[in-house]
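I have placed the structure first, in the form of structure tokens, so that the comments after it can refer back to it.
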Amino acid sequence: MGGRYANEEQPPDGIPPPGDAPTPIQVFVRLVGGEHGEHWRTATARRWTSNHVLVSFVDGGYPGYPNAESLAWLHKDDVARIVPAAEMRAWVNGQRGHRTRATPNRAQRHAQRR
Numbered sequence: 001m002g003g004r005y006a007n008e009e010q011p012p013d014g015i016p017p018p019g020d021a022p023t024p025i026q027v028f029v030r031l032v033g034g035e036h037g038e039h040w041r042t043a044t045a046r047r048w049t050s051n052h053v054l055v056s057f058v059d060g061g062y063p064g065y066p067n068a069e070s071l072a073w074l075h076k077d078d079v080a081r082i083v084p085a086a087e088m089r090a091w092v093n094g095q096r097g098h099r100t101r102a103t104p105n106r107a108q109r110h111a112q113r114r
């Protein structure tokens with residue numbers, strides 16, 4: 001992956017072989033960076049491990065290929081089957097970019113382990 005987004009993260013234990021690809025699932029993903037800053041968009045989960053998900057989405061494509069899909073490995077915390085209610089409320093109330101979580105984020109969990 002090219003690392004177009006700040007929250008792209010490849011699985012540290014390696015990538016599952018293509019032959020083990022599950023049935024794709026429609027999801028929402030949180031992306032950080034690019035021209036839209038922090039945002040949610042629809043995507044398709046193509047492959048996954050216990051902590052990471054390979055997603056595909058249309059993101060403006062490439063020169064000559066405006067509808068080309070982009071691929072990104074994301075941590076499972078940045079992928080959801082539904083839009084979390086707190087995220088939707090923040091968006092409706094005009095607090096875009098505000099991220100509300102009921103559980104600690106990865107940085108907080110990492111700090112707690114130390």
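Residue 1 is where the sequence shown starts when you use UniProt numbering, and the numbers rise one by one after that. For glycine and all other residues, C-beta sits at the position ideal for the given N, C-alpha and C.
Identify which residue in Ala90, Thr44, Asp78 has its Cα closest to the Cα of Ala6. Along the sequence shown, read from residue 1 onward, the residue named residue 6 stands at position 6. Of the candidates Ala90, Thr44, Asp78, the residue whose Cα lies closest to the Cα of Ala6 is Asp78.
Short check: CB of Val58 to CB of Ala68, under 9 Å? To locate residue 58, count along the sequence shown from 1; it is residue 58. To locate residue 68, count along the sequence shown from 1; it is residue 68. Ala68 is positioned such that its CB atom lies closer than 9 Å to that of Val58.
Would you please state the rounded distance, in angstroms, between the beta carbons of Glu38 and Val32? I believe it to be under 8 Å. Position 38 of the sequence shown, counting from 1, holds the residue named residue 38. Position 32 of the sequence shown, counting from 1, holds the residue named residue 32. Right, the Cβ-Cβ distance comes to about 5 Å (below 8 Å), so this counts as a contact.
Runs of beta strand (DSSP E) wholly within the UniProt region "Disordered" (1-23) (minimum 3 residues, chain order): None, since the UniProt region "Disordered" (1-23) contains no complete beta strand (DSSP E) of that length.
According to DSSP, Arg41 sits in a beta bridge with which residue or residues? For the purposes of this step, residue 41 is taken as residue 41 along the sequence shown, with counting starting at 1. DSSP, once it has assigned bridges, lists Val29 as partnering Arg41.
To the nearest angstrom, report how far apart Leu71 and Gly3 are at their CA atoms. Counting from one through the sequence shown, the residue named residue 71 turns up at place 71. Counting from one through the sequence shown, the residue named residue 3 turns up at place 3. Those two C-alpha atoms are separated by around 10 Å.
Across which residues does DSSP place His36 in a beta bridge pair? Counting from one through the sequence shown, the residue named residue 36 turns up at place 36. Assignment of beta-bridge partners to His36 by DSSP yields no partner.
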